[in-house]
Amino acid sequence: EYDRGGAIFAIHAGAGGTDSQDWAEMLQRMYLRWMEKHNYETDIIDFTPGEEAGIKSVTVAVGGRYAYGYLQAEKGVHRLVRLSPFDSNNRRHTSFAMVEVLPQVDDDIEIDIAPSDLKIDTFKAGGAGGQSVQKNDTAVRITHLPTGIVASCQNQRSQTQNRETAMKVLKARLLEIKEREKAEKLADLRGEYTKAEWGSQIRSYVLHPYQMVKDHRTEHETGNASAVLDGDLDGFIQAYLRANVGEKGD
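Under my numbering, the first residue of the sequence shown is numbered 5, with each subsequent residue one higher.
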């Protein structure tokens with residue numbers, strides 16, 4: 005029901021230090037290029053740089069028809085295998101990053117959030133905003149205490165605007181939990197429930213000793229890894245949608 009709308013798209017570096025943070029930045033470049041090719045509007049609403057290189061996390065609001073419908077194919081753990089540019093011995097490293105995709109929540113969707121369940125912190129904006137972002141305490145971080153879910157925004161000019169955007173991200177994350185619980189309950193009643201495991205990667209990107217990008221859900225693969233990292237993702241997205249169309253009955 006949310007496929008036709010926009011998406012909240014986030015990338016989080018996994019364990020692995022600088023290599024994983026660099027991998028998260030490579031994914032950010034790849035997805036922003038794909039979004040640009042498909043004329044989607046993008047707005048980086050939160051950004052945490054890595055200590056030495058790359059990024060720890062980035063959250064992007066993606067606007068346009070079917071943004072969520074297409075991008076949900078990318079949700080999950082992405083694995084990179086390459087010779088590490090950060091290893092003085094030039095050894096092969098495996099890095100992980102997680103992609104999170106949420107539907108943009110309309111104001112008319114009811115999600116009950118008690119004010120007493122929220123912890124709201126303000127901090128100085130920085131990172132991707134550059135000079136256009138004020139450096140006083142305009143950035144906002146909202147923690148939903150019952151679930152521990154955190155949402156933040158730092159790219160808007162005022163604290164009020166950042167708070168509104170962070171609340172939209174928080175509502176989207178709470179909506180995803182609600183929808184997942186509903187799907188799990190329905191599947192459990194049908195006798196087909198299996199727990200989703202975040203640990204298993206959905207796709208591997210191998211740059212050494214050979215080049216190959218392979219999706220482990222659909223078996224779709226290509227040897228042109230550089231094209232994929234430049235945003236050529238349509239083959240993977242279409243393969244996922246074709247494989248899952250029967251499950252959704254659409």
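We treat Cβ as the ideally placed atom computed from N, Cα and C, and that holds for glycine.
Can you have a look at F100 and say buried or exposed, based on whether 16 or more other CB atoms are within 10 angstroms of its CB?
By the 10 Å Cβ count, F100 comes out buried.
Using a Cβ-Cβ cutoff of less than 6 angstroms, which residues in the same chain neighbour S208 once the five nearest sequence positions on both sides are dropped?
Result list for S208: R83 and K218, in chain order.
Once the 5 residues before and after M102 are set aside, which same chain residues still bring their CB inside 8 angstroms of it?
For M102, where only same-chain residues beyond five positions count, the Cβ hits under 8 angstroms are I15, H16, G18, G80, V81, H82 and W202.
Have a look at G10 and N93 and give me their C-alpha separation to the nearest angstrom.
Their Cα atoms are separated by approximately 44 angstroms.
So what does DSSP say about P89, is it helix, strand or coil?
Note: P89 maps to coil in three-state DSSP.
Could you pull the DSSP bridge partners for S61 from this structure?
According to DSSP, which records beta bridges pairwise, S61 is partnered with H16 and T52.
Between L106, T142 and A129, which lies nearest to F51 when the distance is taken from Cα to Cα?
Comparing Cα-Cα distances from F51 to each of L106, T142 and A129, the minimum goes to A129.
Is it the case that the Cβ atoms of V64 and I49 are separated by a distance below 8 angstroms?
In this structure, I49 lies closer than 8 angstroms to V64 by Cβ.
Tell me, to the nearest whole angstrom, how far the beta carbon of V109 is from that of K189; I am working on the premise that it is less than 8 angstroms.
21 angstroms between Cβ atoms; not a contact.
Return the CA-CA distance between M30 and D23, expressed in angstroms with no decimal places.
If you take the alpha carbons of M30 and D23, they lie about 10 angstroms apart.
Let me confirm a value: R167 is counted as buried when at least 16 other C-beta atoms fall within 10 Å, else exposed. Which label applies?
Burial call: buried.
Return helix, strand or coil for P213, following the three-state DSSP convention.
Here P213 sits in coil by DSSP.
Compare the Cα-Cα distances from A155 to each of T164, Q163, V173 and Q165 and report the closest residue.
Closest option to A155, Cα to Cα, is V173.
To the nearest whole angstrom, what separates the beta carbons of R221 and A187, a pair I think is in contact under 8 angstroms?
R221 to A187, Cβ: 17 angstroms. No contact.
Per DSSP, which residues does I146 bridge with? Please list them.
I124 and A155.
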